[in-house]
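Numbering (our numbering), first residue to last: 3 to 173.
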């Protein structure tokens, strides 16, 4: 359920959207799996979330710097090996978080308040709880406007359709 504005940004063929994922050169079972969420420096602070997901992008330029550099703060590490993967997902299985076309925000906040009545319901918490609701409704992913870019949080394992050569980044 995506708006026309979002659809205009996407590469859609036969009802499927092309997504880009940056990951390690060796994927366990050849699959991009959300079970690894929270294992990188840039997702470790979100490790307690129950809705583990893999981060995908619609354009190469949208990937955040930490996504492209897993060892950028380690002493003596001046390279990060990342591979660019492409995967496809049916457009009908992607929910538009920022637009919230089904009006899930109130239910997401109510669930959050039952569990954590005094905690702030910030963007990460909103994404987590709306993510739980869309999973219950059968969606597989959530399209998110994030900072100055776009990201697709995919809650299910995906088999990449294409893998580019290993790319080395210097720091």
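Ideal Cβ placement from N, Cα and C applies to all residues, glycine included. On a predicted model such as this, the values are computed, not experimentally measured, just so you know.
- Contact between the stretch 82 to 93 and the stretch 103 to 122 is absent, with fewer than three C-beta pairs closer than 8 Å.
- By the Cβ rule, the stretch 30 to 38 does not count as touching the stretch 97 to 105, because fewer than three pairs are nearer than 8 Å.
- The C-beta of residue 25 has 16 or more other C-beta atoms within 10 Å across all chains shown, which makes the residue buried.
- Under the three-state reduction of DSSP output, residue 27 falls in the coil class, being neither helix nor strand.
- Here the alpha carbon of residue 27 sits roughly 35 Å from the alpha carbon of residue 102.
- Going by C-alpha positions, residue 9 is about 12 Å away from residue 92.
- Taken through DSSP and simplified to helix, strand or coil, residue 155 comes out as strand.
- Ranked by Cα distance from residue 148, the options 105, 63 and 141 are led by 63.
- DSSP places residue 145 within a strand segment (E or B) once states are collapsed to three.
- The three-state reading of DSSP puts residue 116 in helix, counting H, G and I together.
- The criterion of a C-beta distance shorter than 9 Å is not satisfied by residue 156 and residue 146.
- Relative to residue 160, the option among 30, 19, 34 and 7 whose CA is nearest is 34.
- Only residues of its own chain outside the window of five on either side were considered, and among them 13, 88 and 90 have a CB closer than 7 Å to the CB of residue 20, listed in chain order.
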